[in-house]
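Participant: Dropping a structure here in structure tokens format, bear with me for questions.
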Amino acid sequence: MKMSPKYTVLITGASSGIGMSCANKFAEAGARLILVARRLDKIKSVANRLKELFQAESLVIELDVRRREEVAKKLSTLPQEWQAIDILVNNAGLSRGLDKLHEGSIDDWEEMIDTNVKGLLYVSRAILPGMVARGKGTIINIGSIAGQEVYPRGNVYCASKFAVDALTRGLRMELVDTPLRVCTVDPGLVETEFSNVRFHGDTQRAKQAYLHMTPLTPDDVADAVLYCATRPPHVQLAQIVMMPTSQASTMLVHRTE
Ligand code: NDP
Ligand code: 8X3
């Protein structure tokens, strides 16, 4: 799938997992990239690799999406030639803990809400006015099946992804009289750093999430994101829900042992 003319794509959380795969897919398709994450070394190495592989141009931005003023400042002072963003992939997000609500860590809750909900809002608020003014743009939010269906101990993570779903739907309504498109890609289990982050670096526990089953890969999700972005302008893919073949819901996963 080639993108012509050359599109500018901003991806949050481009330093690993789904965001990094999206960067690969868009670079391969001929786009130029704005790579956003906190780990500058990682996004720099993504940018270098994409330059070598696809001659892709990238702008790297070290940014914590939870920092409201920093988001506004860094995204409003992009170099002139990077200001016309065509595609925004709101991917930065995380889960922390898997606890009953009455035993949960309030710090974990704050981190999830600040990143998954408020961070997505801050970035969107900075980028959308330009898209509306130019009459061109596609916003692709990475939600989750956890934003469609709650599961026990998922409480605050699920709530944050339900919020992403509500914001996506509301935004689509508000932009219906513009050429902008608003999409969400909602995956089930994808093997990334996600579970390691959820369990605060307990890799043994993280591995259990993908044991005896074949999870989605970040590339599987990035394929869906690229597909949303490359439809003809009159086609708005509102929502793609995707999960491994051996997963039927947040709570039903078939494992072979
Ligand atoms: P990863 O942990 O591999 O990637 C998360 C990305 O988000 C990293 O690049 C990280 O970069 C970035 N990020 C986290 N916090 C911040 C922050 N405060 N500011 C800027 N960037 C941040 O996980 P995934 O690739 O799996 O997660 C990507 C998205 O997919 C998330 O929204 C997640 O909820 C969603 N998702 C994941 C599923 C899964 O099973 N893996 C399933 C469904 C949805 P850095 O640390 O460098 O800042
Ligand atoms: C991540 C998928 O099921 O671990 O959004 O919550 S799940």
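So for the sequence shown, the numbering used here puts the first residue at 97; every next one is plus one.
Heads up, the beta-carbon is just placed ideally off N, CA and C, and yes, glycines get one too.
#1: Using 7 Å as the cut-off, classify the Cβ of residue 60 as near or not near the heavy atoms of the ligand 8X3, replying yes or no.
#2: Between the alpha carbons of residue 273 and residue 232, how many angstroms are there, rounded?
#3: Going by C-alpha to C-alpha distance, which of 152, 149 and 310 sits closest to residue 350?
#4: With residue 290 and residue 191 assumed to form a contact (beta carbons below 8 Å), what rounded beta-carbon distance in angstroms separates them?
#5: With a threshold of 16 other CB atoms inside 10 Å of the CB of residue 225, please say whether the residue is buried or exposed.
#6: Distance check for residue 253 and residue 211, CA to CA, integer angstroms please.
#7: Helix, strand or coil: which one does DSSP assign to residue 179?
#8: What residue does the alpha helix (DSSP H) around residue 241 start on, and which one ends it?
#9: Exposed or buried, which one is residue 207 when buried takes at least 16 other CB atoms within 10 Å?
#10: Does residue 176 pass the burial test, meaning 16 or more other C-beta atoms within 10 Å, or should it be called exposed?
#11: If you count every other CB in all the chains shown that lies within 10 Å of the CB of residue 147, and 16 or more means buried, which is it?
#12: Quick check on this structure: which residue in 169, 292, 276 and 280 has the alpha carbon closest to the alpha carbon of residue 265?
#13: To the nearest angstrom, how far is the alpha carbon of residue 123 from that of residue 103?
#14: Can you say whether residue 334 is buried or exposed, counting buried as having 16 or more other CB atoms within 10 angstroms of its CB?
#15: Give a yes or no on whether the C-beta atoms belonging to residue 312 and residue 347 are separated by under 8 Å.
#16: Is the beta carbon of residue 235 closer than 8 Å to that of residue 184?
#17: Our contact map puts residue 219 next to residue 161 with C-beta atoms below 8 Å; I'd like the distance itself, whole angstroms only.
#18: Are the region 150 to 166 and the region 245 to 264 touching, with three or more C-beta to C-beta distances below 8 Å?
#19: Exposed or buried, residue 304, counting other C-beta atoms within 10 Å across all chains shown (16 or more means buried)?
#20: Look at the alpha carbon of residue 356 and the alpha carbon of residue 308, and state the distance between them as a whole number of angstroms.
#21: Where does residue 128 land, buried or exposed, given buried means 16+ other C-beta within 10 angstroms?
#22: Secondary structure at residue 249, three-state DSSP: helix, strand or coil?
Facilitator: In short:
#1: Shown here, the chain extends from 97 to 353; a query on residue 60 therefore has no answer.
#2: Residue 273 sits at position 177 when you count from the first residue of the sequence shown. Residue 232 sits at position 136 when you count from the first residue of the sequence shown. Their Cα atoms are separated by approximately 12 Å.
#3: Start at 1 with the first residue of the sequence shown, and residue 350 comes out as number 254. Selected option, being the one with the closest Cα: 310.
#4: By one-based count along the sequence shown, residue 290 stands at place 194. By one-based count along the sequence shown, residue 191 stands at place 95. With a Cβ gap of about 7 Å, residue 290 and residue 191 count as contacting.
#5: On the sequence shown, position 129 is the one that residue 225 refers to. Exposed, since its Cβ has fewer than 16 Cβ neighbours within 10 Å.
#6: Along the sequence shown, one-based indexing puts residue 211 at 115. Along the sequence shown, one-based indexing puts residue 253 at 157. Per the coordinates, the alpha-carbon of residue 211 lies some 11 Å from the alpha-carbon of residue 253.
#7: Numbered from 1 along the sequence shown, position 83 holds the residue referred to as residue 179. In this structure, residue 179 counts as coil in the three-state DSSP scheme.
#8: Start at 1 with the first residue of the sequence shown, and residue 241 comes out as number 145. Neither: residue 241 is in no alpha helix (DSSP H) and is coded neither H nor E.
#9: Start at 1 with the first residue of the sequence shown, and residue 207 comes out as number 111. Buried.
#10: Position 80 of the sequence shown, counting from 1, holds the residue named residue 176. So residue 176 ends up on the exposed side.
#11: For the purposes of this step, residue 147 is identified with residue 51 of the sequence shown, where counting begins at 1. Residue 147 comes out exposed.
#12: To locate residue 265, count along the sequence shown from 1; it is residue 169. Nearest of 169, 292, 276 and 280 to residue 265, Cα basis: 280.
#13: Your numbering for residue 123 matches position 27 in the sequence shown. Your numbering for residue 103 matches position 7 in the sequence shown. Taking the straight line from one Cα to the other gives about 10 Å.
#14: Here residue 334 corresponds to residue number 238 of the sequence shown, with the count starting at 1. Burial call: exposed.
#15: Here residue 312 is taken as the residue at index 216 of the sequence shown, counted from 1. Here residue 347 is taken as the residue at index 251 of the sequence shown, counted from 1. Residue 312 is not a Cβ neighbour of residue 347, given a cutoff of 8 Å.
#16: The residue you call residue 184 lines up with position 88 of the sequence shown. The residue you call residue 235 lines up with position 139 of the sequence shown. Going by C-beta atoms, residue 184 is nearer than 8 Å to residue 235.
#17: By 1-based counting over the sequence shown, the position of residue 219 is 123. By 1-based counting over the sequence shown, the position of residue 161 is 65. Rounded, the Cβ-Cβ distance is 6 Å, consistent with contact.
#18: Flag = no, the region 150 to 166 and the region 245 to 264 do not touch.
#19: Within the sequence shown, numbered from 1, the residue matching residue 304 stands at position 208. Under this definition residue 304 is an exposed residue.
#20: Residue 356 is absent from the structure shown; the chain starts at 97 and stops at 353.
#21: As a first step, residue 128 is located in the sequence shown; it is residue number 32 there, counting from the start. With a 10 Å radius around the Cβ and a threshold of 16 neighbouring Cβ atoms, residue 128 comes out buried.
#22: Here residue 249 is taken as the residue at index 153 of the sequence shown, counted from 1. In the structure shown, residue 249 falls within a coil segment according to DSSP collapsed to helix, strand and coil.
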